[in-house]
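All remarks here apply to the structure that follows.
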Amino acid sequence: MGARWVLHLDMDAFFASVEQLTRPTLRGRPVLVGGVGGRGVVAGASYEARIYGARSAMPMHQARRLVGAAAVVLPPRGVVYGLASRRVFDTVRTRVPVLEQLSFDEAFGEPVELAGAPQAEVEAFCEELRAQVRAVTGLVASVGAGSGKQLAKIASGLAKPDGIRVVGRGEEQRLLAGLPVRRLWGIGPVAEEKLHRLGIETIGAFAALSEAEAANILGATVGPALHRLACGLDDRPVAENAPAKQISAESTFAEDMRTLDQLREAIGPIGDHAHRRLAKDGRGARTVTVKLKRSDMSTLTRSATLPYATTDAATLIGTARRLLLDPVDIGPIRLVGVGFSGLSSVQQEPLFAELESVAEETRDDVAATVTEVADVAPAWRLGDDVVHTEHGHGWIQGAGHGVMTVRFETRGTGPGPARTLAIDDPAVSRANPTDSLDWPDYVDEITRT
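Using my numbering, the letters of the sequence shown map in sequence onto residues 255 to 703.
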């Protein structure tokens, strides 16, 4: 078999691009997707927003300040991104049957037909694949190609936005050598700091070490593996992933938490971290688990199961916050973890912002049942999908003082008109968010299968 070519396909600004696709009025505007509350975090930013310095994982208040009054801030619609992702990769699989999907918006592939192919043929294949994805879905992808996963992923980053980059056999070392060492897959902030302290700033400088030196710096297992990648040696296979059963995040505190208010404050960023991982995974979660490690190293866990799988951050993190126990009752807490399980691609977005769950909890292996009670949120929220008996599908641009502004449009309509309606207009009802994609034939097809 000839020399391999691995592809890495990465959707450009995926969450924001799906919003601009399904809400055409937003095309060309700086869109921020994420939490709209005071502690919200950016899940996705359009390229128009990135010009101002906004980016994913940034606090939403900071991104809004950078972008200014032009910013359009929308809550995530996980069910829409999930369906869009599925169609993107269904389309890719018609050309590349085996995909190692990393998240909603990126995957590796190794087309058998490209084994031993010249660079020009690989470039043509990548362009055709991008064009097919855009023609079928309306979404833009960047594609990188190289002799292994490492180079393919770096290449797709260089191709962004809206391009391809094929790393030829003669340029691999030259390309890698000049890149910051952090660009090497597997180098995190801790490893980066260790290397920087030794004056190793680039991948080329790391590759110049011996394998034994790499092992001494980064460990006997990790060091040599990363050194091989730095040298351009990457024979890792492309294989379908087994889906994760749980997604979680946890944090150990510098000082033990001694009050419930401290815990409630601390769990927000931990829940946000776990939620960002969930959003990248592309599935919704039905069960929320909170892990509490006490100062004596004993561990308590509590879980709550929702009536449906969701990606809604307010519901998931709010549920985690309600599961906390008071350190006054159980003792000081040194670590908190938040886990999401019961993962499913079949999701339902909550109709209201309240937590509508009956929690199933355990404490010290003693089962109990609690019912959570929450305040009822306003009937309509920014970004909600609605349908009008006359105007069709639309979305809420704003609501207050007894009225709401609805923009009636979908992917298929192009930019649509805005109407100001009474908040309790009987002609308006909630809509399935996926209807904004306007893919009835595709939805029927996957429903049948």
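Backbone N, C-alpha and C fix where the C-beta goes; we use that ideal spot for every residue, glycine too. Treat the numbers as computed from the prediction; the structure is a model and nothing was measured.
- Between the alpha carbons of V542 and V492 lies a distance of about 32 Å.
- Selection R309, R277, T279 evaluated against L286 yields R309 as nearest (Cα-Cα).
- Taking 8 Å as the cut-off, the Cβ atoms of D510 and I457 do not count as close.
- In this structure A257 touches G370 by the C-beta definition: roughly 6 Å separates them, less than 8 Å.
- Put simply, the backbone Cα of D489 is about 31 Å away from that of A338.
- K547 and G288 have their alpha carbons spaced roughly 30 Å apart.
- For secondary structure counted as the beta strand (DSSP E) over 3 or more consecutive residues, the stretch 293-327 holds these complete runs in sequence order: 296-299.
- Two segments are said to touch when three or more pairs of C-beta atoms, one from each, lie closer than 8 Å; by this definition the stretch 415-428 touches the stretch 364-379.
- Annotation for E381: I418 place their beta carbon closer than 7 Å to its own, counting only its chain and skipping 5 residues before and after.
- In this structure T391 touches V342 by the C-beta definition: roughly 6 Å separates them, less than 8 Å.
- Annotation for R331: P687 place their beta carbon closer than 6 Å to its own, counting only its chain and skipping 5 residues before and after.
- One alpha carbon belongs to L449, the other to G298, and they sit about 31 Å apart.
- Comparing C-alpha distances from V366 to each of N495, A528, L263, P351 shows the shortest one belongs to P351.
- In summary, Q500 is exposed, with fewer than 16 beta-carbon neighbours lying within 10 Å of its beta-carbon over all protein chains present.
- One Cα belongs to V435, the other to H481, and the distance between them is close to 11 Å.
- Spanning the alpha carbons of E426 and L405 requires a straight line of approximately 8 Å.
- About 4 Å separates the beta carbons of L514 and D580, which is inside the 8 Å limit, making them a contact pair.
- Closest in C-alpha terms to V296, from the list N470, A270, T276, L691, comes A270.
- For V352, the three-state secondary structure derived from DSSP is coil.
- The C-beta distance from L320 to G307 rounds to 5 Å, short enough to fall under 8 Å.
- Relative to L554, the option among T569, A568, I584, G322 whose CA is nearest is I584.
- For the stretch 452-478, there is no continuous beta strand (DSSP E) assignment of 3+ residues that stays within its boundaries.
- The C-alpha of R437 is placed about 11 Å away from the C-alpha of P443.
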